[in-house]
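Protein chains: 4
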Amino acid sequence: MIDVPVVMLNVKAYRESMGASGMELARACERVAESTGVSVAICPQQTELALICREVEIPVLAQHAEAFEAGAHTGYVVLEAVKEAGAAGTLVNHSEHRMTVADIEAVVSRAKELGLCTVVCTSSVATSRACAVFEPDFIAVEPPELIGTGIPVSKAEPEVVRRSVEAVKEISPGTRVLCGAGISTGEDVRAALELGAEGVLLASGVVKAERPEEVLLSLAKGAV
Amino acid sequence: MIDVPVVMLNVKAYRESMGASGMELARACERVAESTGVSVAICPQQTELALICREVEIPVLAQHAEAFEAGAHTGYVVLEAVKEAGAAGTLVNHSEHRMTVADIEAVVSRAKELGLCTVVCTSSVATSRACAVFEPDFIAVEPPELIGTGIPVSKAEPEVVRRSVEAVKEISPGTRVLCGAGISTGEDVRAALELGAEGVLLASGVVKAERPEEVLLSLAKGAV
Amino acid sequence: MIDVPVVMLNVKAYRESMGASGMELARACERVAESTGVSVAICPQQTELALICREVEIPVLAQHAEAFEAGAHTGYVVLEAVKEAGAAGTLVNHSEHRMTVADIEAVVSRAKELGLCTVVCTSSVATSRACAVFEPDFIAVEPPELIGTGIPVSKAEPEVVRRSVEAVKEISPGTRVLCGAGISTGEDVRAALELGAEGVLLASGVVKAERPEEVLLSLAKGAV
Amino acid sequence: MIDVPVVMLNVKAYRESMGASGMELARACERVAESTGVSVAICPQQTELALICREVEIPVLAQHAEAFEAGAHTGYVVLEAVKEAGAAGTLVNHSEHRMTVADIEAVVSRAKELGLCTVVCTSSVATSRACAVFEPDFIAVEPPELIGTGIPVSKAEPEVVRRSVEAVKEISPGTRVLCGAGISTGEDVRAALELGAEGVLLASGVVKAERPEEVLLSLAKGAV
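Protein chains in written order, with the working numbering: chain A, 349 to 572; chain B, 349 to 572; chain C, 349 to 572; chain D, 349 to 572.
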């Protein structure tokens, strides 16, 4: 559903990624995808999901969705609404929005029924391996100690990436591994891909950059 | 900001209120507001907030917003994003999304700074009185035993409404009381207003109706 | 049930307050109560509640109890168990264990039925006033910015204490106010009492002291 | 640390399992262990952990412990306190107290450092397999649809037990599988053991029985 290698941007709930800036980030992703031919996906702010899905042609994912079905759940985002918005899938278990094991199982399994793609975020080789059991489309490994540091996991802890890829593939050969945390240059992206990752999950390095589109472009070039 | 008496519709995360149906509910609210002159507001699914704000002229509110500021909060909706979406405000502490006292204080206070309106949901006379201390724009009283029953609080427990209005006004004269739970006819709306409420908060009675617009219209007529 | 002025010690989940050290802290509280005639109460670690209740004669409180009734709630502490342990009551809504408004109402109301005392923790004048609505036995005001700083609220923000006392008494004359956050000397205790508080809620200042009993004694002397 | 096959009793937060009744249940477990030679363990109410550890000679486990270390965590039970109480270990991720993947990893890993035994509760073959990655001492499989029904998983869904045992052993040969949910007779216990389980996890079937000790005895006889 989402081509690889993929450059995936989680815009979080930053002030720099909402409203007009949120739309501009989505369009920048689209332009970079077009100009480089690299697969670029975006996870907009939850309130902007339906709007941004309508405006861009690249894959759009929710940042989070609940394990329960559509119903009387005021203020929560359910998978059916993600689907209705026109999104391609959702992040699951992001480090800022952890879920229980039972809920991860439920979200991944229900997303498959709905034809939605899942990107399960994990923090270590062991949690990557555990989550591979549910056979999500992607597992994004983000060692928590590197998040937001600008130190790429592909350099600081290449073994975490290599061993995560091995562990995940052993349990679920169809699941692809993304490299999160600290990726900020095209070289970091290339290093991640050489370690067996099939993409990267980005956030503040792009969102908070002075020229986000230039950063995205240089990152995407690392994946060509 | 929101005229009273107001008919406010919380569409929750129902399958019947997302996508094209969600947009149609918003437009129905708008048409009923226009044809009756009554103030009608809608709380769409979180993922559709920005899109629906763009499409209708009536007040639109988020179903929930967090107490923390914009930042690295993957999957959460912050007040700044509610504002950016063009919404008029947010529900706070809905019975399906309860908050701590400290967080209610923070959301109401930060919403005021941002020029956003707050509708704090409560379950009893005592909790209404407690939340009045934070001086929100609205307090919506929904006795939990009546939610989804079709039994209007204005009939089943008129004293809860009357005493909530008194308790709230004593602490915060500027806060308006909405009557939630079980309102399903124009007569229920009229009864609520006679007890001192300045509007109603609706959900399944409209969303799950065969002809939502007709139900909305009959409800709005109770507020004329 | 608990005499005032009271010196109340919350031992939290510190390594220095468990096992033999936890029991020794409880006995130190008891000795200080005996030697000074001042009311001293302790909130031991949850796992040690029944054991410590059996060993000392001073009032013992749980650090937290849930709003729901006894039942199938693995790993949670219910009020009935607090009562059965022989405790005098429980802390409610501590800043490290916040509760929803509806749950605070339920815990305070059910505690009254069970003859248990409640100490609701709050963070500001407004939240103190809001919680006074439920008429707990005590409200402990702990401005979060002062917790663990060693700066006594009675000195740093005397107005918070004075205004909290006024606000609480206006809503619920029978509720007593405790001064939390930063109390570390007998002089701080005296200052708190002069501002209208009827006791203090202590934690790390005692638990992490080299000689906890000496600190307790000097604090208690401030309440004589 | 805990001999197998084991009959493990989680007393939850039932009214029937606190205070004198809680102590009597612990003693009944001890007597049944002595008279049958079968390994019997108990998970008392959290408030009674230290007291019951002091009174009985059988393995005692906490019902829940947090992933974080000892510190300023009012009202929470940390592993260090479980150890100090003299307990043998703790239940982890019970269906009434679910945890995130990252927290399960942290609790199991920190428990090993402290010499504490872990019993991770799961709801399906897939979640059993996922949690086996962390190599806990035990995994207790409790299909949620059978909890409290009196229908033993070993009869209703023998394949869930058999396949859980296989899945767990494949990932972590040293981890033992317990059969939860619906076990109420010695015959159920025998069936579970024949399917490869090395014990059972019990709750309401014993706690709410008119004569808990007789039920325990008949269950233990199924494990001889």
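Beta carbons: idealized from backbone N, C-alpha and C, even for Gly.
- Nearest Cα to leucine 397 (chain D) within the set D:Ala418, D:Glu461, D:Asn358: D:Asn358.
- Taking a contact as a CB-CB distance under 8 Å, the pair valine 554 (chain A) and cysteine 527 (chain A) does not count as one, their CB atoms being some 15 Å apart.
- In the DSSP annotation of this structure, glycine 385 (chain D) is not part of any alpha helix (DSSP H), being labelled neither H nor E.
- Judged by their CB atoms, valine 380 (chain A) and leucine 564 (chain A) are nearer to each other than the 8 Å cut-off.
- Identification of chain A residues near valine 455 (chain B) by a Cβ-Cβ cut-off of 7 Å yields none; the smallest Cβ-Cβ distance measures about 12 Å.
- Within the segment 427-456 of chain A, the complete alpha helix (DSSP H) segments at least 4 residues long are 427-433, listed from N- to C-terminus.
- For glutamate 428 (chain C), the chain D residues whose Cβ falls inside 7 Å of its Cβ are Arg363, Met366, in order along the chain.
- Using a Cβ-Cβ cut-off of 8 Å, glutamate 493 (chain B) does not count as an interface residue toward chain A, since no Cβ of chain A sits closer than that to its own.
- The shortest CA-to-CA distance from leucine 439 (chain C) to any of C:Ala389, C:His421, C:Glu461 is the one to C:Ala389.
- Chain B has no Cβ within less than 8 Å of the Cβ of serine 532 (chain A).
- By the rule that beta-carbons nearer than 8 Å mark a contact, leucine 399 (chain C) touches chain D.
- Burial state of glutamate 461 (chain C) is exposed, judged by a 10 Å Cβ sphere holding fewer than 16 other Cβ atoms.
- Here the segment 446-454 of chain C makes contact with the segment 460-474 of chain B; the two share three or more CB pairs at distances below 8 Å.
- Not a single CB atom of chain D sits nearer than 8 Å to the CB of glutamate 490 (chain C).
- Going by beta carbons, alanine 480 (chain D) and isoleucine 487 (chain D) fall inside the 8 Å limit.
- Per DSSP, isoleucine 487 (chain A) is one residue of the beta strand (DSSP E) stretching across 486-489.
- Annotation for phenylalanine 416 (chain A): Val426 place their beta carbon closer than 7 Å to its own, counting only its chain and skipping 5 residues before and after.
- Taking 8 Å as the CB threshold, serine 472 (chain D) lines the interface with chain A.
- When secondary structure is reduced to three states using DSSP, valine 516 (chain B) falls in the helix class.
- Judged by their CB atoms, alanine 551 (chain A) and lysine 503 (chain A) are not nearer to each other than the 8 Å cut-off.
- Beta-bridge pairing by DSSP links glycine 419 (chain D) to C:Ala361.
- With contacts defined by Cβ atoms closer than 8 Å, valine 404 (chain A) and arginine 375 (chain A) form a contacting pair.
- About 4 Å separates the beta carbons of alanine 529 (chain A) and leucine 494 (chain A), which is inside the 8 Å limit, making them a contact pair.
- The closest CA to that of alanine 429 (chain D), considering only C:Glu535, C:Arg458, C:Thr395, C:Tyr424, is found on C:Thr395.
- Chain-order list of chain A residues neighbouring arginine 402 (chain B): Leu399, by C-beta distance under 8 Å.
- Near chain B, meaning a CB-to-CB distance below 8 Å, no residue of the segment 509-542 of chain A qualifies.
- Residue-level contact check: valine 554 (chain C) does not touch chain B, since none of the beta carbons of chain B fall below 8 Å from its beta carbon.
- Sequence-distant Cβ neighbours of proline 492 (chain D) in its own chain, meaning closer than 7 Å and more than five residues away, are Ser443, Ser471.
- Look at the segment 491-557 of chain C and you find these whole runs of beta strand (DSSP E), each 3 residues long or longer: 524-528, 547-550.
- Using a Cβ distance threshold of 8 Å, lysine 569 (chain C) and glycine 547 (chain C) do not count as a contacting pair.
- In the three-state reduction of the DSSP assignment, methionine 366 (chain B) falls in the coil class.
- In the three-state reduction of the DSSP assignment, valine 425 (chain A) falls in the coil class.
- For lysine 360 (chain D), the nearest beta carbon of chain C is closer than 8 Å to its own beta carbon.
- The three-state secondary structure of valine 481 (chain A), taken from DSSP, is coil.
- Residues of chain B whose Cβ lies closer than 9 Å to the Cβ of glutamate 444 (chain A) are, in chain order, Ala420, His421, Thr422, Gly423, Tyr424.
- Listed in chain order, the non-local C-beta contacts of alanine 413 (chain A) below 7 Å within the same chain comprise Val425, Val426, Leu427, Val430, Thr438, Val455, local neighbours out to five positions each way being set aside.
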